[in-house]
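Structure, as structure tokens:
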């Protein structure tokens, strides 16, 4: 059964069929051939019970928040302000790419949206100031991965939904690792720039007067983050309600900047509908597949197999981490999560690990899938906006950041308190 399911999954993916359809077809096939009961009749009930969960309303809200920030020019002002402050560091505007991705991740909740936004804003600057475009684009792709780690994160919402883990605790747990990973990206940027000055171009001219003048452009993002995360941390709002507050605040900011219009709203809502439909289709199909796997006994079989290896907890976690890295070469991030969480999460918790800790480690693991070929979505997003050269340039430019993420995963495995000390303060 395992071989048949894995073989069918690989064949369907190689045929280029959309991932959500692959998951649905795989669930139906396994149910028909390996279950004595007509479990396909549960599709309607599963789709209804899954899609009506209140917490999932946070997904379109956070997507809409990111769309509004992009289409009202707030993201552009943020990038311009950070460029003024960071372009003088070794690495120049590459630091602005990472810093803007960090800031934008704190409001958008999506890695792909973060990478697309920063690419649109930054790539013209690479050509203007003579940067190595591969390295420059690779930094954007890597910085974009922070969108699913730094709260609010759509992927953390999905993890919390699938494992019944506190989403506010997951959000708080992602803050320190997200900021540390961003700092690590900036350190490796500075080191590489000093060792190979050809990677960076001319420094963008600036003055202290201009730096002080653009500080006001950083306030909107700060206000949004404080409202969204502050309302959750204070217990004033659930993640869904906080997302709605963020959307209302973004609309208010758009009105202040005089960029609020019917056309902007229509474009933002259309973009939100496309993204949300994709996410929900994958989530519903994967939920049905996980129901089938549990019904035919495959989930329990795999869990017993992993436990029967009798490895030490840390060795088991290293094996799980290596498996995720390999799977990330071929499976899209969200799909990888929803396929594996029902199988892996019980094993990890059974080893004595905290589910909040594992949620953050899992996010960092699947982040590497966003910048590793052949399925690295951020690589294709950045190259699509770049519109010249080869995607191999972007892959080459992202490799130093992949190495940083690999070391960072080991650090999180060895020092779990980096993740857990803030959630413990909430108790």
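Residue numbers (the working numbering): 60 to 486. For each residue, glycine too, the CB sits at the ideal point set by N, CA and C.
- Residue environment for residue 154: buried (at least 16 other C-beta atoms within 10 angstroms of its C-beta).
- Cβ-Cβ distances below 7 angstroms link residue 348 to 82, 85, 86 in the same chain, with the five nearest sequence neighbours on each side left out; the list follows chain order.
- Secondary structure of residue 94 (DSSP, three-state): coil.
- Comparing alpha carbon positions, the residue from 71, 181, 192, 151 closest to residue 455 is 192.
- Annotation for residue 164: 173, 205, 206, 209 place their beta carbon closer than 6 angstroms to its own, counting only its chain and skipping 5 residues before and after.
- Distance check between residue 150 and each of 463, 245, 341 places 245 closest, using alpha-carbon atoms only.
- Here residue 302 is actually not in contact with residue 129; their C-beta atoms are around 16 angstroms apart, not less than 8 angstroms.
- Under the 10 Å beta carbon count, residue 322 is surrounded by fewer than 16 other beta carbons and is classified as exposed.
- Assignment of residue 322 by DSSP, reduced to helix, strand and coil, places it in the helix class.
- For residue 404, the CB contacts under 7 angstroms within the same chain, skipping 5 residues up- and downstream, are 222, 414, 417 in chain order.
- By the neighbour-count criterion, in which 16 or more other beta carbons inside 10 Å mark a residue as buried, residue 228 falls on the buried side.
- Counting along the chain, the unbroken alpha helix (DSSP H) around residue 229 starts and ends at 226-232.
- A contact between stretches requires three or more CB pairs, one per stretch, nearer than 8 angstroms, and the segment 336-348 meets this requirement with the segment 108-124.
- Shown here for residue 350: same chain residues with a beta carbon closer than 7 angstroms to its own, the five before and five after excluded, namely 101, 105 in chain order.
- Closest by C-alpha distance to residue 390, out of 425, 233, 333, 280, is 425.
- The residue from 71, 369, 91 with its alpha-carbon nearest to that of residue 355 is 91.
- Within the same chain, Cβ atoms closer than 8 angstroms to the Cβ of residue 306 are found at 120, 123, 124, 127, the five residues on either side in sequence being excluded.
- Excluding sequence positions up to five before and after residue 463, its CB lies within less than 7 angstroms of the CB of 243, 244, 247, all in the same chain and listed in chain order.
- Nearest to residue 460 by alpha-carbon distance, out of 288, 199, 264, 450, is 199.
- For the pair residue 437 and residue 410, the Cα-to-Cα distance works out to about 33 angstroms.
- Using a C-beta cut-off of 8 angstroms, the segment 173-192 makes no contact with the segment 232-243, since fewer than three inter-stretch Cβ pairs fall below that distance.
- Taking 9 angstroms as the cut-off, the beta carbon of residue 298 is found closer than this to the beta carbon of residue 226.
- For the pair of segments examined, the segment 323-330 was found not to touch the segment 136-151: the number of CB pairs separated by less than 8 angstroms stays below three.
- Residue 187 carries a helical assignment under DSSP once its states are collapsed to helix, strand and coil.
- With a threshold of 16 other beta carbon atoms within 10 Å, residue 178 meets it and is buried.
- With respect to the C-alpha of residue 88, the residue from 352, 457, 328 having the closest C-alpha is 352.
- Just so you know, the alpha carbons of residue 71 and residue 80 end up roughly 9 angstroms apart.
- A distance below 7 angstroms between beta-carbons, with the five flanking residues on each side excluded, links residue 159 to the following residues of its chain, in chain order: 137, 138, 141, 177.
- Your pair residue 157 and residue 241 checks out as a contact, with CB atoms roughly 6 angstroms apart and the cut at 8 angstroms.
- Going by C-alpha positions, residue 274 is about 17 angstroms away from residue 263.
- Within the same chain, Cβ atoms closer than 7 angstroms to the Cβ of residue 284 are found at 165, 166, the five residues on either side in sequence being excluded.
- Cβ contact annotation for residue 432 (same chain, cutoff 6 angstroms, sequence separation greater than five): 454, in chain order.
- For residue 390, the three-state secondary structure derived from DSSP is coil.
- The Cβ atoms of residue 312 and residue 279 lie closer than 9 angstroms to each other.
- With contacts defined as CB atoms closer than 9 angstroms, residue 423 and residue 376 fail to qualify as a contacting pair.
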